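Please read the structure below before turning to the comments.
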């Protein structure tokens, strides 16, 4: 079968690159199943089944889509989110929908959107490509948009003497270079819904990074990763980071075990199930 993995990419909107690694994961996963796949920003290529990433951008960017396109939502579904307005929900009701999170899928169903398939983010070897820098001059790195909830934790870590880096709007090789320089990668939820940010975490685990994450609202999902991700409640993140920076052997254990957990989740297996249900 022929596929096109589409990233919705409005002109001048650099943040569409946030979907690049998931797009690559889908692309390589499809190829490993023997399918013909290409990466594109087009939405209506003849003879191809489109899987569209970044569909939350579609209300503001009229990308022509094939009528059988699959929209794959990677945004957290949360009351107050700037994305989930009537125009987007109408689109979601028009096309076949996938989501990476069971919690998201349940939330969308309460909004009248049927999620046909939950497709978790799995592992492909092509995304293991970051080598840790010989000298890591960043203790803790947070990559993502900043809000007061996140800034407070970053400030608390700085007050504990940690060298904290925060980056937003940095993608690809530039972001990877920052990741390589950091001893510990930080994941903090933006919204109180606390859906686990596997879009971010999966790439870090695939690259043998030590990850500290705030607990999500799904403790079962957290437990499945607990041997390879250090979890803490929001109020305890700064102190846990301090402890991990002072414990290089524990960070090394997290790096190795996190990679093993991610490697045991082949994207091809998830895609095989999703496509059988399509």
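In the numbering used here, the protein residues as written are 123 to 400. The beta-carbon is built from N, C-alpha and C at its ideal position, and this holds for glycine as well. Quantities reported herein were computed from a predicted structural model and do not represent experimental measurements.
{"Item": "Best match in 356, 293 and 345 for proximity to residue 308 [C-alpha to C-alpha]", "Value": "356"}
{"Item": "Option nearest residue 313 by Cα separation, candidates 133, 336 and 128", "Value": "336"}
{"Item": "For residue 269: DSSP bridge partner residues", "Value": "Residue 269 is not bridged to any residue."}
{"Item": "Presumed contact (8 Å Cβ cut-off) between residue 165 and residue 186, rounded CB distance", "Value": "6 Å"}
{"Item": "Bridge partners - residue 336, DSSP secondary structure assignment", "Value": "354"}
{"Item": "First and last residue of the uninterrupted alpha helix (DSSP H) at residue 392", "Value": "389 to 399"}
{"Item": "Straight-line Cα distance separating residue 281 from residue 266", "Value": "21 Å"}
{"Item": "Given 8 Å, three or more beta-carbon pairs between the stretch 147 to 164 and the stretch 387 to 397", "Value": "yes"}
{"Item": "Unbroken stretches of the alpha helix (DSSP H), 4 residues or longer, contained in the stretch 218 to 248", "Value": "224 to 232"}
{"Item": "Collapsed DSSP secondary structure at residue 278 in the structure displayed", "Value": "helix"}
{"Item": "Nearest-angstrom Cα separation, counted from residue 142 out to residue 159", "Value": "15 Å"}
{"Item": "Contacting residues, own chain, Cβ-Cβ under 6 Å from residue 399 (five flanking each side not counted)", "Value": "239"}
{"Item": "Span separating the alpha-carbon of residue 332 from that of residue 169", "Value": "42 Å"}
{"Item": "Those residues which DSSP pairs with residue 192 across a bridge", "Value": "173 and 218"}
{"Item": "The stretch 199 to 209 in contact with the stretch 360 to 373 per 3-pair CB rule at 8 Å", "Value": "no"}
{"Item": "The stretch 287 to 304 / the stretch 263 to 277 touching (three or more Cβ pairs under 8 Å)", "Value": "yes"}
{"Item": "Endpoints, the alpha helix (DSSP H) within which residue 318 is located", "Value": "From DSSP, residue 318 is part of no alpha helix (DSSP H); its letter is neither H nor E."}
{"Item": "Residue 284 - DSSP class collapsed to helix/strand/coil", "Value": "coil"}
{"Item": "Inter-residue spacing [alpha-carbon to alpha-carbon] between residue 397 and residue 188", "Value": "17 Å"}
{"Item": "Segment contact flag, the stretch 245 to 259 with the stretch 223 to 236, C-beta cutoff 8 Å, min 3 pairs", "Value": "no"}
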